[in-house]
Structures are given as structure tokens and as C-alpha cells.
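Taking it in order: structure first as C-alpha cells, then the write-up.
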Amino acid sequence: MTEIQQHPHHIKLSEESLQKQTTTLNLGPTHPATHGVFQNIMEIDGERVLETVPTVGYIHRAFEKIAERRPYYQITPLTDRLNYCSAPINNMGWHMTIEKLLGIKTPKRVDYLRIIIMELSRIADHLVCNSVVAVDTGALTGFTYVFQYREKIYEIFEEVCGSRLTTNIGRVGGFERNFSAASFSKLHGFMETFPKAMKEFESLLNRNRIFMDRCIGAGPINAERALNYGFTGPNLRAAGVDYDVRVAQPYCSYDEFDFKVPVGTTGDVYDRYMVRNDEIWESMSIIAQAINKLDALEKEFPEQKEVFYAPEADHFHLPPKEDVYTKMEALIFHFKMIMGEIDAPAGEVYHSVEGGNGELGFYLISDGGRTPYRLHFRRPCFIYYQAYPEIVKDGLLSDAIITLSSLNVIAGELDA
Amino acid sequence: MALTNETIQKRLTDKFGDQLTEWESPFGLLTFRAPAASSLKVLQFLYDDSELRFRFMTDLTGVHYPDRKDEELSVVYHLHNLIDNIRLRIKVYVPIEKPDVFSATQLFSTANWMERETFDFFGINFVGHPNLIRILNVEEMDYFPMRKEYPMEDPTRRDKDDEMFGR
Amino acid sequence: MSRPVQYNTKVKMVEMPEGYSGEGFYSTSFDKVVGLARANSLWPLPFATSCCGIEFMATMGSNYDLGRFGAERMGFTPRQCDMLLVAGTIAKKMAPILRQVYLQMAEPRWVIAIGACASSGGIFDSYSVLQGIDQVIPVDVYVPGCPPRPEGILDGILKLQDLVHNESLRRRNSDQYKALMESYSIQ
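This is the structure in C-alpha cells:
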């Protein structure tokens, strides 16, 4: 194994290393099992991992520095690229942060539509993670089945905002346009066909003896260490702590929805897989409830059907094109918005949403200008990846590999 | 008795008195400032106290204020009490010539990488950190990029013209 | 419940190169055959760093199947692959590793830069991002987009197939190619 970038002062070698009974393995940044670019320099003794030193930063794109130079709307594409498997959640979280700063309250219809999009992206994220855990144990079929349904989710995103993966979806206060009839029909189609495919995927893996033997007991972490390491999201819930930002600090009308928070016991790979699996089912139930609530709302107040953004956020929405071409104020408004000349009030706000991997927080300090003074992303992947050496210590090398993929470390969110 | 911002403030002022200043609650999140010398004591008290129980560190980051003299660099801690569901923000200010802050790694293992990131970006020296080296940038970098005096772009770039881009 | 078997009868075959055929033999020029063989069995090395990597995974999936163009086997080791697909942002920390992976590939080798970040740095005009991988390795095809649609990635691969099909066998020994390698300090 070629050892690239050996920096001896980074590795604290264990005592036997002077006689070198152990092997130094560079699980390098380019490796099929590391889904993303991060490096682990491992000291292994046969198959047993003695210690590992992770190195990150191979895709550091300086988001926080870029964010200080960009007006508020131009930061939304940056947030897309944090956890790119579930980009809409990041976008919505950022817009909610700005709404908190400005004191805008979104109408109910906007909240329900946002919840539908966020839960769809959560399903997409968990599907990737679970199928990739299966791929790393050798079961490649589930991956190909599941990607077919991610394409259906992408089609729904495309109907709403035009883009598949890095969506840049929504505006401050709502959405850029109302959901079309095609998007609702695609959503209904997805809700009808997906449960069957999910059951098929489950029947492949959940009670599969080989998968269970491989995953149970691999990479466990107990609840106390997980909390001390700042775990959030499915990894923490697999360890037994039922902390979910949607329940603790309900945002976007999540308190009106009835859903369970799945919790594991030992925090090993199988628990994480099952927690994510159950969360997919819970997300499906939330989407079904949201669709029912939307129908009930539109039946009661038929004029709500046209609402897709908050009226107080008028100065963040592009005026309709007929006005832009005929009225002077609309033209100036349009220009100011696109060029980012809308100022935000001074203030300091921290807002967090439940991302695919845990509590994704946005700490925004605004000094009253058109760009933030300081924007910090509280990225769950960065925080829980530092526990990796402790989790895989004294385990087998193959367990270390599947632990890595079951932690769902997304490189974009790791480095930002 | 439920824990509210007022009870937290009262308990902290009972213990630390005038050391904690600049109490405010922007958007409902209790924020205060602690001196750099006693930041770890405050965190330890918040952790150990049976009523306050702030045992989860949500976030640790830095901010650079070039205009404040002797207080240019700031470390901001976000803590969370998971049992009573209350959040807290603590700010610590240090001068840029000697930016020393005690490391919280002993208390919260999560602070390890967060402090390395803050060091990488701002140059704040966390006293007592087990391995304070750069984490996200290349090791050979000799400046702290998030400080306000440094540009966003690569300064050695030749093909992008400053005049054309209005800088 | 088993699914009924469906046979795909609409398979498109590549055309035979022009040549002279007779009873039991077919003669054509060597580089045409080599070009044909190389173009339709390019083995890719996915070098996926970020979001474009997920779109690449979608391209490999069954909806936009990359396998039908001959790229069925994804090798993850550079020694066995001929096509390096760089998908995603390359940071300056990653650049030496990319170069090393490129150097480990055997000739003939081609590079596709997928996405805006790999082509030119993309939206990340910051101090830590390499503004285009052509600063460190020579690139054959650039696929723009952020991320490019899977159809775009397929289009890029098809253009590369054209390039490979029509490449002369003497290209790698020519002076122009040597000068290109010199400019990147690759021996």
C-alpha cells in the first residue's frame, strides 16, 4: 500500500511500533469504501485495529469565508453543498435562520410544503446511507434498487425548483413559485410505489443472517460517550438517546405532526441501519400527514391554494414578470434583489434543523449589511467523525470499514 | 420548578458575581460574556451543577472583530441542557497579541476538533489541547485565513484581474 | 412473484470499420480496430469527491446506465483503468493526491473533468480550492454543470469515446504530446 503524506508527528504510535510488529495502513482519501475524501492512517495488527488517526480537509472549500462576501441569497447555493445528499434541508434551514432574524412567520401552507420537501430529502439521504452500508458488506443489489427511487425523488425536486441534487430550493418566507399539479401527481405516484420497494429492500437485509452477523456488535458506542462527543441525529439515537431537533425545538409546524422517533440500544452498525430504516418509514408517514393537512387547509380556505410565501417577506421575493417589465418600482426591486442589495437587520441568531445526519446549526452574526459578518455552520458530520478512532479501537478492520460507512460521513459537510 | 433564563442567570451570578457581563437574550437564547481566565470554570460549573446540567456542547466557534482593541478574537460556546431543553451561549474575548483560551477538551470530547478548527481559522491558542494543529487547511499554511484582513480568493492567482472584477 | 422476462431487441451495435473482407478473413487498418476496441470498453476510475460524485453514482445506476457504453466495471485502482473521471471539487490539499493517482495510471489514459469545480473551480473562488484540475493534470473533456445532469455526463463520455476512437496510435510518442507532458512536469 503506497503511503502518501506520512507526517510522523501526527501519528502517536503505540508502544510496539519500535519493533514494528504492526502495519501502518493508509486508508487514503481515494478509497472505494470511504464515500468522500477523508483519510485514516491506521495501525493494524493483523486484522485488529490498534489505533487510527483521521485527517480531514481534503475538500475544504472555505464556506465560512465565502459566506462573508456573499449576499444572503447567494449563500443558499453554498448551503446546498454541505450535506449534498439532502440539500433541501440545508436550504430550508438557512432560510429559516434568516426568517428568525427578520421575524417572519411563514403561513401554514408553506410550512406543510416545506415539510414534504424536507422529509423527501431525508428519505433520499437515508436511502443512500443504508444502501452504501449494504454495499460495503458486499450486498450490491440493494443499492441499484434504491437508486431508482431516488430518481423519483429527484423528479419531484425538479418539478418544484428545476434542479435535482443541489436544489437551491425556496426563498426566504416560502418558495419561488407554487407547486404545480405535476409535482403533486409525481408525489402521489412516489407515495404509492415506494412502500413496496422499501419492503423489498428491507426483506433483502433487515433479517438477513449474514448482514446481521456482520453488523451486530460492529462499532458500538455508548450513550454517554456519544453525548460527550456531541453526536446528534441517527447516530445518537442508535446509541439510545432520543434527541431530535424536530421534537425538542419544533420549527416549521413540526409540533402538529404525529411521528415516532426511533431509538436503538447499543449504537452499533446494525442499530444505526435500523434507526435510519425506521426513520424512512416515519418520514413517509409525515409526508402522508402533510398531504392530508394540505387538502384540509385548501378545503377550508380555498384561497390558500395560491399561497406559497409569507407576505411579510415581500421584499425577498422577485415581483411578477409583468410588473418588472411595466412598473419602475418592480424593476428596481428586481434589480436590488438579484444584485443582493437587500440589507438584513443587525443581530445574532442561532437556528438548528434536523438534517440527515443530526443537528445542523447556523450561527449568523449580522452587522446590518448585505452580507453576514460571520456565518458558522454547526456541521454534525465534523463533530461526530472525531469519535471514529475511539469507536473502532480494538475492533476488526472490516468492522472499521462498515462503521465508517454507517456513520454516514458526507465529505461536503465534514470540511465545509 | 422549571429552568428559565432568569433562574440560570441568577444561579450564575450567585456563583461568579460580576465576572459575567453583557447579559442579553437575542431571540430567546441567553447570552453572556465570561472572562478568558475563568471560561473553563464556568463551563465546569454549568456541567456539574445538579440544577443547570449543561452537559452537551452544541458548538464552539470563533469570531474576529478587528475594530475592538484588546478584544479582537472571540470564542463563542453554545451549550445545551438536553434534559430541560434550554440553550445557552457564552462568549469569551481575547486580545490578538496573546489569544489564549483554556481548552474544554477535558470536559467535552467534542471540543477537540472544534477547537482545532477555530485555531486553524483564527489562530486562537487553546491552552491544554492535546493536539492543536491545523485540521482543515494545508499544514504549510502560515496565516489564519478567517481573519478579516485576508481576502477570500487565493492571493497568488494570476488569471483573475482585480480591475476587471472591481476590487 | 417473478417478473416476466423481457428481451431487449433494440440494441445498437457499433459499425464495423471499413476494410477488405473475403472468405474467412477481414482486413482493416490496425488503428481503426484498436480505436474501436478502446472506445467501447473504457474502464473508468471514479474520483468522486463531492456532489458531482452523487450525480455520477446516479449515472452509474439503472436509470441512466453507464454500463451500456462499455464502462461497466468501475475499477477503484488506477493501475487497471484507462479513464479518470474527476467529479467534484479538488482542494489544494487534494491536488498532490490527484496527481499521484494520474501518474499511477498506465498509458493510454484519458481524463474527464466532471462539473464546474473540477473544470475551473466552480463557485468556490476561495483560497483553498484548486481552480480547475488542469492546473495539475492534462484534461481531455470538460463537462460543465453544477452538478451536470447524468445526460451531460454521458454526453461527456461519448465525446471522449469519439476522441479515443479517432486517436492515432502514434499520438503518445509525438512531440506535441511530449510538450504537453513537459508543461505539467510529468515524465
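Protein chains in written order, with the working numbering: chain F, -9 to 406; chain G, 74 to 240; chain Y, 2 to 188.
We put the beta carbon where it would ideally sit given N, CA and C, even for glycine.
Keep in mind it's a predicted model, so treat the numbers as computed, not measured.
Any beta carbon of chain Y sitting closer than 8 Å to that of residue i?
| i | result |
| --- | --- |
| HIS116/F | no |
| ARG112/F | no |
| TYR48/F | yes |
| GLU226/G | yes |
| VAL211/G | yes |
| ALA52/F | yes |
| ALA228/F | no |
| PRO97/F | no |
| THR131/F | no |
| VAL237/F | no |
| ALA124/F | no |
| ARG106/G | no |
| THR134/F | yes |
| ARG230/G | yes |
| THR127/F | no |
| PRO218/G | yes |
Quick check on residue i - is its C-beta less than 8 Å from some C-beta in chain G?
| i | result |
| --- | --- |
| PHE372/F | yes |
| ASP126/Y | yes |
| TRP186/Y | Residue 186/Y is actually Ser in this sequence, not Trp. Answer no: the Cβ-Cβ gap between SER186/Y and chain G never drops below 8 Å. |
| TYR420/F | Here chain F comprises residues numbered -9 to 406, so residue 420/F is not present and cannot be evaluated. |
| ALA300/F | no |
| LYS189/F | no |
| GLN136/Y | no |
| MET(-9)/F | Caution applies to MET(-9)/F, whose pLDDT of 41 falls short of 50 and renders its modelled position unreliable; the value that the coordinates give is listed next. Closer than 8 Å: no. |
| SER129/Y | yes |
| ILE(-6)/F | Bear in mind that the predicted position of ILE(-6)/F carries a pLDDT of just 49, short of 50, making it too unreliable to give a figure here. |
| PRO7/Y | Correcting the residue type first, residue 7/Y is Gln in the shown sequence and not Pro. For GLN7/Y, the answer is no, since every Cβ of chain G falls outside 8 Å of its Cβ. |
| LYS11/Y | no |
| GLU338/F | yes |
Give me the DSSP bridge partner(s) of residue i.
| i | result |
| --- | --- |
| ILE34/F | THR13/F and VAL39/F |
| ALA92/Y | VAL130/Y |
| ASP173/G | ASN198/G |
| ALA172/F | Answer by DSSP bridge pairing: none, since ALA172/F is not bridged. |
| LYS1/Y | A query on residue 1/Y cannot be resolved here, the shown segment of chain Y reaching from 2 to 188 and no further. |
| GLU97/G | THR104/G |
| ASN154/G | ILE159/G |
| PHE111/Y | Strictly speaking, residue 111/Y in this sequence is Trp, with Phe absent from that position. BP columns for TRP111/Y point to MET84/Y. |
Please decide whether residue i counts as near chain F, where near means a Cβ-Cβ distance under 8 Å.
| i | result |
| --- | --- |
| SER3/Y | no |
| ILE208/G | yes |
| PRO145/Y | no |
| ASN185/G | yes |
| ASP132/G | yes |
| PRO148/Y | yes |
| SER182/G | yes |
| PHE129/G | yes |
| VAL174/G | no |
Quiz item: Of all the residues that make up the region 138 to 158 of chain G, which are near chain F by a beta-carbon distance shorter than 8 Å?
Solution: Residues of the region 138 to 158 of chain G that bring their beta carbon within less than 8 Å of a beta carbon in chain F comprise VAL149, HIS151, LEU155 and ASN158, in sequence order.
Practice problem: Report the residues of the region 82 to 106 of chain Y with a CB closer than 9 Å to any CB of chain F, ordered along the chain. | Solution: Cβ contacts with chain F come from GLY89, THR90, ILE91, ALA92, LYS93, LYS94, MET95, PRO97, ILE98, LEU99, GLN101, VAL102 and GLN105.
Exercise. For the region 48 to 77 of chain Y, enumerate the residues whose C-beta is nearer than 9 Å to any C-beta of chain F, in chain order.
Key: Per Cβ criterion, the list reads PHE48, ALA49, THR50, SER51, CYS52, CYS53, GLY54, ILE55, GLU56, MET58, ALA59, MET61, GLY62, SER63, ASN64, TYR65, MET75 and PHE77.
Quiz item: Are at least three pairs of beta-carbons, each pair with one atom in the region 116 to 123 of chain F and one in the region 280 to 293 of chain F, less than 8 Å apart?
Solution: When Cβ pairs closer than 8 Å are counted between the two stretches, the region 116 to 123 of chain F is seen not to touch the region 280 to 293 of chain F, the count staying below three.
Quiz item: For the 8 Å Cβ check, are there 3 or more pairs between the region 153 to 172 of chain G and the region 115 to 129 of chain G?
Solution: Because the criterion of three Cβ pairs below 8 Å is met, the region 153 to 172 of chain G and the region 115 to 129 of chain G touch.
Quiz item: Going along the region 373 to 384 of chain F in order, which residues come within less than 7 Å of chain G, judged by CB to CB distance?
Solution: Listed in sequence order: ILE373 and GLN376.
Quiz item: Three or more C-beta pairs closer than 8 Å, one from the region 145 to 154 of chain F and one from the region 39 to 59 of chain F: is that the case here?
Solution: Short answer: they don't touch.
Practice problem: Taking only runs that begin and end inside the region 228 to 288 of chain F, name each unbroken beta strand (DSSP E) of 3 or more residues, in chain order. | Solution: Unbroken beta strand (DSSP E) runs of no fewer than 3 residues, entirely contained in the region 228 to 288 of chain F, are not found.
Exercise. Check whether the region 325 to 338 of chain F touches the region 196 to 212 of chain F, taking contact to mean three or more Cβ pairs, one atom from each stretch, closer than 8 Å.
Key: Between the region 325 to 338 of chain F and the region 196 to 212 of chain F, the count of C-beta pairs closer than 8 Å stays below three; the two stretches do not touch.
Quiz item: Using a beta-carbon distance cut-off of less than 8 Å, what residues from the region 155 to 181 of chain Y approach chain G?
Solution: Of all residues in the region 155 to 181 of chain Y, none comes within less than 8 Å of chain G when Cβ atoms are compared.
Quiz prompt | Residues, ordered as in the chain, of the region 54 to 85 of chain F that lie near chain G by beta-carbon distance below 8 Å | solution = So the list reads GLU54, LYS55, ILE56, GLU58 and ARG59, given in the order they occur along the chain.
Quiz item: Are at least three pairs of beta-carbons, each pair with one atom in the region 42 to 49 of chain Y and one in the region 71 to 84 of chain Y, less than 8 Å apart?
Solution: Yes: at least three Cβ pairs fall under 8 Å.
Quiz item: So, do the region 118 to 125 of chain Y and the region 94 to 105 of chain Y have three or more beta carbon pairs nearer to each other than 8 Å?
Solution: Touching, no.
Quiz item: Does the pairing of the region 341 to 361 of chain F with the region 65 to 79 of chain F give three or more beta-carbon distances under 8 Å?
Solution: Remark: three or more beta-carbon pairs, one from each stretch, lie closer than 8 Å, so the region 341 to 361 of chain F and the region 65 to 79 of chain F are flagged as touching.
Quiz item: If contact means a Cβ-Cβ distance below 8 Å, which residues of the region 138 to 167 of chain F contact chain Y?
Solution: Only those residues of the region 138 to 167 of chain F whose C-beta falls short of 8 Å from the nearest C-beta of chain Y are listed: GLN138, ARG140, GLU141, TYR144, ARG154, LEU155 and THR156.
Exercise. Note down, in chain order, all residues in the region 80 to 101 of chain G with a beta-carbon under 8 Å from any beta-carbon belonging to chain F.
Key: The residues in question are PRO99 and PHE100.
Quiz item: Does the count of Cβ pairs from the region 87 to 107 of chain G and the region 125 to 141 of chain G closer than 8 Å reach three?
Solution: Contact between the region 87 to 107 of chain G and the region 125 to 141 of chain G is absent, because fewer than three Cβ pairs lie under 8 Å.
Exercise. Could you list the residues in the region 294 to 321 of chain F with a C-beta less than 7 Å from some C-beta on chain G, going in chain order?
Key: Along the region 294 to 321 of chain F, there is no position whose C-beta sits under 7 Å from a C-beta of chain G.
Quiz item: Mind listing which residues of the region 392 to 405 of chain F have their C-beta closer than 7 Å to chain Y's C-betas, in chain order?
Solution: Cβ contacts with chain Y: ALA401 and GLY402.
Practice problem: Taking only beta carbons into account, state which residues of the region 261 to 292 of chain F come closer than 9 Å to chain Y, listed in chain order. | Solution: In summary, no residue of the region 261 to 292 of chain F has a CB separated from any CB of chain Y by less than 9 Å.
Exercise. Report yes or no: do three or more beta-carbon pairs, one from the region 89 to 100 of chain F and one from the region 372 to 392 of chain F, lie closer than 8 Å?
Key: Output reads no: the region 372 to 392 of chain F does not touch the region 89 to 100 of chain F.
Practice problem: Taking a Cβ distance cut-off of 8 Å, strictly less, list which residues of the region 8 to 34 of chain F are near chain G, in chain order. | Solution: For the region 8 to 34 of chain F, there are no residues whose beta carbon sits under 8 Å from a beta carbon of chain G.
Quiz item: At what residue ranges does the region 139 to 212 of chain F contain a whole run of the alpha helix (DSSP H), taking only runs of 4 or more?
Solution: Counting whole runs of 4 or more residues, the region 139 to 212 of chain F contains the alpha helix (DSSP H) stretches 171 to 195 and 199 to 205.
Self-check item: Three-pair Cβ contact test at 8 Å for the region 157 to 172 of chain Y versus the region 19 to 36 of chain Y
Solution: The region 157 to 172 of chain Y is in contact with the region 19 to 36 of chain Y.
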